[in-house]
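Visitor:
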Amino acid sequence: MAAFKEQLILAGDIGGTKTTLGLFTRGARRPVQKVSETFESRESPNLETVIKRFLAVHPAPVVAACFGIAGPIINGVCRLPNLDWEISAGRLKKRFRWPRLHLINDLAATALAIPLLQKRELFTLHPGKAQKQGAIALLAPGTGLGQSFLVYHGGNYVPVPSEGGHVDFAPVTPAQIELWQYLHQTMCHVSIERVGSGPGLYNIYNFLKDTKKFEEAEWLNKCLQELDPVRIIAEAALLKKDPICETALDIVDTSLAITREGRTVYFCSAQCRDEYFHREQQSAKTPHYAGRG
244 MAAFKEQLIL
254 AGDIGGTKTT
264 LGLFTRGARR
274 PVQKVSETFE
284 SRESPNLETV
294 IKRFLAVHPA
304 PVVAACFGIA
314 GPIINGVCRL
324 PNLDWEISAG
334 RLKKRFRWPR
344 LHLINDLAAT
354 ALAIPLLQKR
364 ELFTLHPGKA
374 QKQGAIALLA
384 PGTGLGQSFL
394 VYHGGNYVPV
404 PSEGGHVDFA
414 PVTPAQIELW
424 QYLHQTMCHV
434 SIERVGSGPG
444 LYNIYNFLKD
454 TKKFEEAEWL
464 NKCLQELDPV
474 RIIAEAALLK
484 KDPICETALD
494 IVDTSLAITR
504 EGRTVYFCSA
514 QCRDEYFHRE
524 QQSAKTPHYA
534 GRG
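Using the numbering used here, the first residue of the sequence shown is number 244, and each one after it goes up by one.
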């Protein structure tokens, strides 16, 4: 059991699959982590239970707490779209009696960290020239498809939360139209996160299997019934162990790439927009996405 005497900040990343809690001290540029632990969200009835378990192992004088939650916060309350939890700032403050407590959208929390990242913490997918003080868009596929963006205001970047993962999935190819029709049979609303997320990968796998585009391997069927299907499909695709898994991941990647380009146009400046459409015209005769991403 790690006990702390110094005053600490409790921070949490609350998602539909996992909940990570950590204790931090203030740093010169960004907080310094002392300890963290990750829990399976669905193994607990609520966030209070997870916090209690964490602080029982890591007791500390908490002077402030902040939780980034995968869902919209309205009047200090969040009902998670992908988890049967209701998180209330008032209830948490009453239960734990912290002097300061904030609930924020998880992607707004992630966005706050972007200006603080160092070069070694970044990976460039496609090189380009960033516009000074331009808007920054953020996509985070996981249990859902989290989105947010940053705008420059008053000398700092300000995060703006978004529930853009719930916008309609807009198919642009015959194959995507067929996928939409398949999903719409069982879903009244086919959003982009039904495709561009972990569960989306499983949805696409089932589409490819049920429409007889591929034959499912016996070993794969057994693994999917016994283990986490999303993890099994992703690993099989990356290791090139099964063509149906590879194709499913390709479709997810292509859908995310289209979403990224859409967000670029949506959030960027006129200069960025002109450069984007110039590139579109130059590559009109070439498929936009060959392979992954």
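Don't be surprised by glycine CBs; every beta carbon is placed ideally from N, CA and C.
The beta strand (DSSP E) that contains Lys277, what's its start and end?
Guide: Start and end: 275 to 283.
Visitor: Please classify His345: does DSSP put it in a helix, a strand, or coil?
Guide: In this structure, His345 counts as strand in the three-state DSSP scheme.
Visitor: Under the DSSP definition of a beta bridge, which residues are partnered with Pro404?
Guide: Beta-bridge pairing links Pro404 to Ser391.
Visitor: When the distance is taken between beta carbons, is Ile316 closer than 8 angstroms to Asn348?
Guide: Cβ atoms of Asn348 and Ile316: closer than 8 angstroms.
Visitor: Would DSSP call Glu329 helix, strand or coil?
Guide: Strand, per DSSP.
Visitor: Quick check: the segment 389 to 403 against the segment 355 to 362, are there 3 or more CB pairs under 8 angstroms?
Guide: At 8 angstroms Cβ cutoff, the stretches touch.
Visitor: Taking just the CA atoms, how far does Val300 sit from Pro324?
Guide: The alpha-carbon atoms of Pro324 and Val300 are separated by roughly 29 angstroms.
Visitor: Run through DSSP, which three-state label would Asn399 get?
Guide: Three-state DSSP puts Asn399 in a strand.
Visitor: Helix or strand or just coil, what does DSSP make of Cys466?
Guide: Helix at Cys466.
Visitor: Thinking just about the alpha-carbon of each residue, which of Gly377, Ala418, His409, Leu426 is nearest to the one in Asp402?
Guide: Going by the sequence as given, residue 402 is Pro instead of Asp. For Pro402, the nearest C-alpha among the options comes from Gly377.
Visitor: Can you give me the C-alpha to C-alpha distance between Ala332 and Gly397, rounded to a whole angstrom?
Guide: Going from the Cα of Ala332 to the Cα of Gly397 covers about 28 angstroms.
Visitor: Where does Gly377 sit, in a helix, a strand or coil, going by DSSP?
Guide: Here Gly377 sits in coil by DSSP.
Visitor: I'd like to know if the segment 284 to 302 and the segment 252 to 262 are in contact, where contact means that at least 3 CB-CB pairs between them fall below 8 angstroms.
Guide: Short answer: they touch.
Visitor: Buried or exposed: which applies to Arg437, given that a residue is buried once 16 or more other Cβ atoms fall within 10 Å of its Cβ?
Guide: Label assigned to Arg437: buried.
Visitor: Under DSSP, the beta strand (DSSP E) around Tyr253 begins and ends at which residues?
Guide: In the sequence as presented, Tyr is not what sits at residue 253; that position holds Leu. Looking at the DSSP string, the run of the beta strand (DSSP E) that includes Leu253 is 251 to 257.
Visitor: Based on Cα-Cα distance, which residue from Ala351, Val275, Lys336, Ser279 lies nearest to Gly407?
Guide: Of the candidates Ala351, Val275, Lys336, Ser279, the one whose C-alpha sits nearest the C-alpha of Gly407 is Ala351.
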